[in-house]
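Working notes for the structure below.
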Amino acid sequence: MFSLNNIVKDGILEVCFSNEDTESKIYTITNAKGVDIMQGKITGQTQRTCLYVGDLKKGNYTFSLGKEHIQEFTIQ
3 MFSLNNIVKD GILEVCFSNE DTESKIYTIT NAKGVDIMQG KITGQTQRTC LYVGDLKKGN
63 YTFSLGKEHI QEFTIQ
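What follows is the structure in structure tokens.
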């Protein structure tokens, strides 16, 4: 359903969607301990979006759309 850059270096998390069947997508970013850090909604028939995560500390995080679509990424 989506792919993202696994290593974030400039504070920008790029999310590319392979499926346009949903107009609005609720996302959640959690830290390594499973605590929700960010939540938001991506609206429209978009194929790609960029999220600013530069305020987050270096480490491992998880980006999820619902409960089925989850992918980890690292901020360096």
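The sequence shown begins at 3 in my numbering and counts up by one.
Yeah, the Cβ is synthetic: ideal placement off N, Cα and C, and Gly gets one too.
Buried or exposed (CB count within 10 angstroms, at least 16 for buried), K59: exposed
Find the nearest neighbour of E16 within the set Y54, Q78, G42 and N62, judged by alpha-carbon distance. Y54
Looking at the strands, I want to know which residues DSSP matches up with T45. S26
On the criterion of 16 or more Cβ atoms from any shown chain inside 10 Å, does V37 qualify as buried, or is it exposed? exposed
Who are Q73's beta bridge partners in DSSP? F65
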